[in-house]
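Take a look at the structure set out below.
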Amino acid sequence: MTAIRRPVSTTRSLQQLPLTVSVIVIVFVTLCIYILWAPDATTTTTTTTTTIESSIEQKLNLPESARAEFNKVERALVEEIPKEYRVVAERAEQKLRSTVQHKRQQFAKALDSLNTHNLPGRLKVLRDKSQIIGERLAEVKAGKETVQEILTVGSDVIGGESLSDKPPMKLDEIIDYLNNWIHGLHDALSQVRTATYEGIWQAYHDYTVKTLYVWDRDYLSRMPPRRDDGSIFLSLATYRDENCLNTIKWAYEKAKNPDKLFVGLVQQNCHKDCMSGVLDGGKVEPVEPDQDCYKVFCEGEGKERCDKDQVRVLNIDEPESLGPYAARYFASKMWMGEQWFMQTDAHMTFAQNWDQISVDMLKRCPSKKPVISHYPPSHEANLEAMATEPASRLCGPIFATSDLESQIIRLEGGRKWDEKHCEIPRFAPFTAAGYFVAHSDFLREVPFDPFLPWIFMGEEIIMSTRLWTHGYDIFSPSQSVVGHMYVRRHKPKFWESVHRAFSPGVHNPLQAMVLDRIKYQLGYPEAAKDMLESKSLLTAVEQYTMGKERPLSRYLELVGLNMTTKEVTITHWCEEGTPPPGFEQFNDMCN
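Numbering (UniProt numbering), first residue to last: 1 to 591.
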C-alpha cells in the first residue's frame, strides 16, 4: 500500500509556535513587506493598516481561497499574542516606517538641491547619468562591483565607451582640470603624510575613482578627430631636468617640418626649499629652484611656436609628482588631434629631419598598426653618421631580482643585433618609454592608465602587451634618430620627493603594491584577484588592460616569458632579425 502524506494545517502548525517566535515572525514579515512595497518619497506617510493590507493582497494577487487562509492565520496569531508583545511590534514597525521615510525625504531633498544651472558642466554630466561613485566605494574596494558598471548603468555604451554628443574638450579646459585635480590630490594626500604605503595608495585611489577616472572616461568619449596633415605630437615628461630646454630647442631646430611639431610638456619642478639629488656619501644639499624651461623657451627663440600653441605645458610642483608614467598620462591629454604620436624623455638629442624620418619608417612597416621603439644610443653618438648603420633593438627581457622591482619584467637586451642595414624596420617584441612612435589613434584604443602612480618600472612591459593584444605590431627603427642621456648621477629622482612628502623608505613598498595592478594583467599567479589583499588595485582595470584582437598567452609565448615559473626562454627571432612565428610571410623583407 502506498502511504499518502496528508497536508498539515498551516493554521494549526503556526499556532503551535511559542508566542515569542510568533511575534518575531509577524514583525519580520511586516518589515519585509513594508521595505518591499513602502511608498516612495513623494507619498504621504499616513498609510492606514487597511490600505497596506489591501496593497499587499493586490501585489501578491492571491486567489480568494488563499487570501482567506492568509487572513485566518494572521487573526489566529494575533489573538494568541499578549498585548505587550503587540505593542512592541507596533512600535518597531512605526520606527522603521519613520526611519525609511526620513531617509527617503533626505535623499530626495539632496537630489533636488543639485540645481543643474548652479553646477559646473562636469557635475551636470555626473548628475544626469546618476554617476554617484562616492557612496559605493566600499563595493569597489571589495571587488564586488566595477566602477565601469556603476558609471554605465542606464547609459548607452558601444565598445565599452559611453556615447557623447558633446564637442571635444578644449586645451585650456583640460589643463585647468588637471591642474585643479593635482592640487586637490595633494591636499588629500597631505592628510595621510604619516600613513603606511597601504594608506597612501587607498587615499590616492579613493580620490581618483571619484574624480580623475570619471573625467578620463568623459575625455576619452570626446577626443578630437585625428588630423591627416602630417602633424606630430611630441610627449615630453621632465622631472627637475636641466636638459629640458635644449631638448625642446633641438627638437624644433632639427625638425624638417617644425610648423607641424606640437609639444606636450609635463614639467615637474622644485620652486622653493629645493634639495639636490643624493650626492657622494648619501648627503643632499640645498640648491637653487629649477629652471622653467617652458618660460625660457617661450620668452626667447620659441616665442612664435608658443604663441601658436605649438608648445603646451602642465606644470607640477615637485612634491606633487606621481612619477614618469603618470606624467606621460598627463602629457597624452594635451594631444589635440595630431596625426602622429611620439614619446621621449626630456634629456635627448635629435638627428636632422628626425620627424620626417620617424614617419617614413612607420609607413614602411609591414603592418596596418605599427609602433616603432627602442632604447636610443647615447647622446654623444653622431646620429647623422649612423644613418646607414643598423639601429639597436630590444630583445632581452629578465625578471627583476631586486626587492625594489618585485620581479617585474626589465628590458636589458638593447643592442645592435643586425650585421647589415635594412630600410624596412624589423619586428621587435617590446616598446621602450624613451623613444616611441605610433599612429596617434592608439591613444583611443590603448589609453594611459590613471591608476598607476609612483611607478618607475613596469610601464614598458604593460604598454608592450597592451599594444600587441590590441593588434599593434612592434618594430625597431631602421635608423636611430634620437640620442639619450643615460647617466644622470646625483640628479634629483622623483622617489626622493615621495620620501620627503610622506616618510623615508615608503616609495619602494608603495611601488611594489601598485605594480600588482600590472602583474595581475600580465598573469602573475601571486597577483591573481583572490591573492590580492587590496581589491582596489583592480579598480577599472578592465578599461585599461589587454585588447581582444590577439591573446596575451600568444604574446608571452612569442617573447619567451613564463609568469608562473619566472623563466625566460630565448626565442632567437628577435636576435636574428627575423619575423616572429606566425609572420613568416615577411621573411624576405630585408633580403
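For every residue, glycine included, the Cβ atom is placed at its ideal position computed from N, Cα and C.
query, result
"Over what stretch of residues does the beta strand (DSSP E) that includes residue 424 continue unbroken?", "Neither: residue 424 is in no beta strand (DSSP E) and is coded neither H nor E."
"Considering only their Cβ atoms, is the gap separating residue 234 from residue 101 smaller than 9 Å?", "no"
"Only counting runs of 4 or more residues, tell me where the alpha helix (DSSP H) segments fall wholly within the region 442-526, in order along the chain.", "442-445, 459-469, 494-501, 507-522"
"What is the DSSP secondary structure of residue 571, reduced to helix, strand or coil?", "coil"
"Determine, for residue 194, whether the minimum Cβ-Cβ distance to residues of chain C falls below 9 Å.", "The structure shown contains no chain C; it holds only a single protein chain."
"To the nearest angstrom, how far is the alpha carbon of residue 427 from that of residue 374?", "11 Å"
"Short of 7 Å in beta carbon distance, which residues of its chain neighbour residue 569, apart from the five on each side in sequence? Order them along the chain.", "560"
"For the 8 Å Cβ check, are there 3 or more pairs between the region 522-530 and the region 469-482?", "no"
"Specify the secondary structure class of residue 55 as computed by DSSP and reduced to three states.", "Because the pLDDT at residue 55 is just 48, under 50, the model does not fix this residue reliably, and the value given afterwards should be weighed accordingly. The answer is helix: DSSP assigns residue 55 an H, G or I state."
"Could you have a look at residue 174 and say whether DSSP puts it in helix, strand or coil?", "helix"
"Tell me which same chain residues have a C-beta within less than 7 Å of the C-beta of residue 575, skipping the five on either side of it?", "395, 417"
"Using alpha carbons as the reference points, say which of 550, 555, 543, 549 lies closest to residue 209.", "543"
"Can you tell which of 499, 536, 557 has its C-alpha closest to the C-alpha of residue 278?", "499"
"How is residue 186 classed by DSSP in three states: helix, strand or coil?", "helix"
"Can residue 336 and residue 262 be called in contact, C-beta distance under 9 Å?", "yes"
"Tell me the DSSP secondary structure of residue 541 in three-state form.", "helix"
"So for residue 581, helix, strand or coil by DSSP?", "coil"
"Rounded to the nearest angstrom, what separates residue 591 and residue 441 at their Cα positions?", "32 Å"
"Rounded to whole angstroms, how far is the Cβ of residue 331 from the Cβ of residue 264, which I believe are closer than 8 Å?", "4 Å"
"Quick one: residues in its chain with C-beta nearer than 7 Å to the C-beta of residue 465, no 5 flanking neighbours on either side, listed in chain order?", "522, 546, 552, 555"
"Measuring alpha carbon to alpha carbon, tell me which of 96, 558, 382 ends up nearest residue 474.", "558"
"Give every residue of the same chain whose Cβ lies closer than 6 Å to the Cβ of residue 492, excluding the five residues on either side of it in the sequence, and list them in chain order.", "240, 277"
"With a threshold of 16 other CB atoms inside 10 Å of the CB of residue 587, please say whether the residue is buried or exposed.", "exposed"
"Return helix, strand or coil for residue 201, following the three-state DSSP convention.", "helix"
"Please report how far the alpha carbon of residue 117 lies from the alpha carbon of residue 177, in whole angstroms.", "Because the pLDDT of residue 117 is 47, which lies under 50, any placement of that residue in the model is unreliable, and the number read from its coordinates should be weighed accordingly. Roughly 20 Å between the two C-alpha positions."
"Mind checking whether residue 268 and residue 247 have CB atoms under 9 Å apart?", "no"
"Tell me whether residue 316 is buried or exposed, calling it buried when 16 or more other Cβ atoms sit within 10 Å of its Cβ.", "buried"
"Which residue's Cα is closest to the Cα of residue 550: 355, 312, 582, 305?", "582"
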